[in-house]
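Q: In the working numbering, the protein residues as written are 10 to 582.
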RNA sequence: CGGGUUGUGGCGCAGUUUGGUAGCGCACCUGCUUUGGGAGCAGGGGGUCCCGAGUUCAAAUCUCGGCAACCCGACCA
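Structure follows, in structure tokens:
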């Protein structure tokens with residue numbers, strides 16, 4: 010490609026509202042443009058990178074036996090109603106009606122569609138199967154943000170495995186786990202797997218792949234010593250036993266003006282936070298529910314969702330809380346409450362002599378014996394882990410790291426195969442539903458994650474494997490000598506399989522260098538009068554800034570193999 | 001969905017307080033000079049001031065309503 014004809018609108022000033030580095034850089038370097046919130050146009054440079062990311066994913070999934078499909082993205086409501094997810098998905102799904110007034114949805118994922126196709130599987134002899142496609146998904150996110158990191162329209166590679174039994178599913182899951190690790194390595198993105206909640210997708214074993222980044226949206230608990238790593242929505246930690254003393258009787262006491270855990274700690278006759286009960290009034294799918302955690306603990310709402318199966322969870326308003334319990338937030342408690350369900354955190358089991366709100370403003374109650382005085386309907390792990398708490402495996406103080414979720418694999422079991430009739434005959438002639446797994450990886454998000462982890466103050470530093478062009482030939486003059494030498498190197502590199510771009514723009518050196526660095530080509534081959542006088546070109550590595558002089562005659566022969574090697578390894582050259 | 005901020009040529013912004021017919025930098029076009037790190041000089045083109053209604057002799061500016069984008073939170077494979 011000749012740069013003079015390339016549409017790569019680089020900007021000197023970044024758009025003011027881009028905060029995440031990948032967002033700002035992808036816009037500034039001319040890769041993407043926003044159409045509206047959560048929808049981006051891929052410009053030529055952006056689409057090249059996107060395709061390269063997709064091809065690496067495709068390559069590794071093919072490697073484990075994946076077969077590529079292309080499925081529709083406009084789905085009939087019926088298929089989602091059949092799986093129960095028409096309702097379960099809530100507002101995340103774009104819904105519309107066709108001219109016949111029948112409900113339709115834009116696909117947020119494709120379990121239902123692949124399961125429908127898979128109903129034609131009939132025999133164990135056909136298994137295992139790994140099917141995938143790379144297709145646009147639509148999700149009506151409440152708040153798209155950070156450029157390509159969270160959008161409403163994006164390409165995802167999702168694969169689905171079909172196996173005769175649990176052992177087969179385990180193997181398919183392990184194969185994907187391995188394939189994903191190879192993919193991230195080739196993409197030049199540092200990644201690790203964590204235990205995760207499967208959320209609304211349904212399933213059990215669930216591993217998310219994460220890459221540390223401040224621009225991320227997930228908090229991940231990591232043990233610095235052992236390998237324990239889990240999404241904070243799932244993570245646990247050790248809780249030291251508390252000394253409660255001997256059980257005593259309930260006793261109401263006046264606490265004028267006390268409305269917070271901290272205030273009650275300071276109040277004469279109050280209690281330490283760890284000896285208080287925090288009662289949160291939540292509305293779960295419309296039902297007012299009391300959620301109890303220790304005074305110094307935080308509720309994690311995803312854990313609450315996982316424990317209850319609730320889809321819509323929100324804190325009750327102060328009015329709703331008053332209507333339910335007769336007091337305002339700050340004086341609420343679950344003691345003696347029987348008209349609302351109570352769900353309590355496991356850390357409260359066996360606790361006595363606790364203090365909590367008395368459901369009357371300015372009054373609390375002490376001497377609470379949780380088992381005796383509170384009608385707990387369900388015990389569950391609800392508390393959010395805090396940094397520094399002991400690792401559940403080895404007791405070392407754990408860290409919490411902000412991460413971008415770049416992939417997710419999980420086992421579905423027979424949830425969809427039973428619903429959609431994906432049954433096959435076993436060797437014994439018995440008919441059984443197949444074991445399914447589901448494995449997703451967002452293409453655009455990985456493109457953004459690669460930028461998040463590979464940039465500097467000059468711009469993007471692409472790994473060779475996904476750079477829009479692997480090398481740019483920068484001409485310092487546009488006279489015959491330069492053009493001839495440049496064209497020769499250009500065609501030589503292309504013949505050797507290198508993605509090359511020749512900068513034949515009539516622009517100043519500074520502009521050309523700055524653009525090349527902003528866009529982040531791994532190699533810059535500079536042809537100028539100084540080098541040409543000696544029959545040499547200058548080769549600069551974007552990542553290291555190292556420059557070496559190379560004789561023109563040897564350039565293609567030495568550089569092409571080096572680029573090929575870096576391309577396969579996910580390195581920067 | 002709650003809180004905050006912002007909408008003015010392609011991009012970044014000033015002008016809005018105190019109404020008077022739109023300006024700066026970058027980018028773009030033409031010419032001359034320059035040419036290894038975002039050139040200089042001269043000339044030039046481009047704007048429904050987010051949309052609608054209202055007030056006024058007069059609205060980018062004031063009033064009301066709406067829309068959109070961004071940030072924080074809630075939410076979110």
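We put the CB at the ideal spot given by N, CA and C, even for glycine.
1. Is it buried or exposed for residue 474, if we count other Cβ within 10 angstroms and need 16 for buried?
2. Evaluate contact between the stretch 15 to 23 and the stretch 443 to 451, counting only Cβ atoms and requiring at least three cross-stretch pairs below 8 angstroms.
3. Once you ignore the five residues that flank residue 164 on each side, which residues in its own chain have a CB closer than 8 angstroms to its CB?
4. Using C-beta distances below 7 angstroms, list every residue in its chain close to residue 69, excluding the 5 sequence neighbours before and after it, in chain order.
5. What separation, rounded to the nearest whole angstrom, lies between the Cα atoms of residue 159 and residue 256?
6. On a Cα-Cα basis, can you pick out the residue from 494, 57 and 375 that is closest to residue 542?
7. Who does residue 373 pair with in a DSSP beta bridge?
8. Judging by CA-CA distance, which residue of 433, 49 and 114 is the nearest neighbour of residue 135?
9. Identify which residue in 407, 463 and 566 has its Cα closest to the Cα of residue 230.
10. With C-beta atoms as the reference, is residue 240 less than 8 angstroms away from residue 214?
11. Going by beta carbon distance, what residues of the same chain come within less than 6 angstroms of residue 426, once the five residues before and after it are set aside?
12. Taking DSSP as the reference, what is the three-state secondary structure of residue 32?
13. In whole angstroms, give me the CA-to-CA distance for residue 289 and residue 403.
14. Quick one: using the 10 Å Cβ neighbour count with 16 as the cut-off for buried, is residue 382 buried or exposed?
15. List the DSSP bridge partners of residue 56.
16. Quickly, what does DSSP pair residue 154 with across the bridge? List them, please.
17. Below 8 angstroms, can you find three or more Cβ-Cβ pairs linking the stretch 556 to 574 to the stretch 514 to 525?
18. Quick one: what does DSSP say residue 472 is sitting in, helix, strand or coil?
19. With a CB to CB cut of under 7 angstroms and the five nearest residues on each side skipped, what residues in its chain are close to residue 470?
20. Of all the options 547, 413 and 309, which has the alpha carbon lying nearest to the alpha carbon of residue 484?
21. Apart from the five residues on each side of it in sequence, which residues of its chain come closer than 6 angstroms, Cβ to Cβ, to residue 71?
22. Check the DSSP bridge columns for residue 422 and list the partner residues they point to.
23. Compute the Euclidean distance between the alpha carbons of residue 370 and residue 344, then round it to the nearest angstrom.
24. Quick check: what's the CA-CA separation for residue 107 versus residue 96?
25. Who are the Cβ neighbours of residue 327 in its own chain at under 8 angstroms, not counting the five residues just before and after it?
A: Taking the structure as given:
1. Residue mapping note: residue 474 aligns to position 465 of the first chain, counting from 1. Flag for residue 474 reads buried.
2. no
3. Translated into the one-based positions of the first chain, residue 164 becomes position 155. Same-chain partners within the cutoff: 59, 63, 143, 144, 145, 146, 451, 452 and 453.
4. The residue labelled residue 69 in the question sits at position 60 within the first chain. Excluding its 5 nearest sequence neighbours in each direction, residue 69 has C-beta neighbours in its own chain below 7 angstroms: 188, 191 and 192, listed in chain order.
5. Taking the first residue of the first chain as position 1, residue 159 is located at position 150. Taking the first residue of the first chain as position 1, residue 256 is located at position 247. Distance between the alpha carbons of residue 159 and residue 256: 51 angstroms.
6. Locating residue 542 in the first chain gives position 533, counting from the first residue. Comparing Cα positions, the closest option is 494.
7. The residue you call residue 373 lines up with position 364 of the first chain. DSSP, once it has assigned bridges, lists 262 and 366 as partnering residue 373.
8. To locate residue 135, count along the first chain from 1; it is residue 126. For residue 135, the nearest C-alpha among the options comes from 433.
9. Position 221 of the first chain holds residue 230. Nearest C-alpha to residue 230: 407.
10. Position 231 of the first chain, counting from 1, holds the residue named residue 240. Position 205 of the first chain, counting from 1, holds the residue named residue 214. Contact flag unset, no.
11. Residue 426 sits at position 417 when you count from the first residue of the first chain. 442, 443 and 445, listed in sequence order.
12. Your numbering for residue 32 matches position 23 in the first chain. Residue 32 falls in the helix class under three-state DSSP.
13. Along the first chain, read from residue 1 onward, the residue named residue 289 stands at position 280. Along the first chain, read from residue 1 onward, the residue named residue 403 stands at position 394. So the alpha carbons of these two residues sit roughly 32 angstroms apart.
14. In the first chain, residue 382 corresponds to position 373, counting from 1. So residue 382 ends up on the buried side.
15. As a working mapping, residue 56 is identified with position 47 in the first chain. According to DSSP, which records beta bridges pairwise, residue 56 is partnered with nothing at all.
16. The count along the first chain starts at 1 and reaches residue 154 at position 145. 159, per the DSSP bridge assignment.
17. no
18. If you number the first chain from 1, residue 472 lands on position 463. Note: residue 472 maps to coil in three-state DSSP.
19. One-based indexing of the first chain puts residue 470 at position 461. Excluding sequence neighbours, residue 470 sits near 463, 464, 529, 551, 552 and 581.
20. Position 475 of the first chain, counted from the start, is the residue given in the question as residue 484. Comparing Cα positions, the closest option is 547.
21. Within the first chain, residue 71 is the residue found at index 62, counting from 1. Counting only Cβ-Cβ distances below 6 angstroms, and skipping sequence neighbours, we find nothing.
22. For the purposes of this step, residue 422 is taken as the residue at position 413 of the first chain. Paired residue(s): 445.
23. By one-based count along the first chain, residue 370 stands at place 361. By one-based count along the first chain, residue 344 stands at place 335. Their backbone Cα atoms lie some 15 angstroms apart in a straight line.
24. Taking the first chain and counting its residues from 1, the one referred to as residue 107 is at position 98. Taking the first chain and counting its residues from 1, the one referred to as residue 96 is at position 87. When rounded, the distance between both Cα atoms is 19 angstroms.
25. Taking the first residue of the first chain as position 1, residue 327 is located at position 318. For residue 327, where only same-chain residues beyond five positions count, the Cβ hits under 8 angstroms are 337 and 338.
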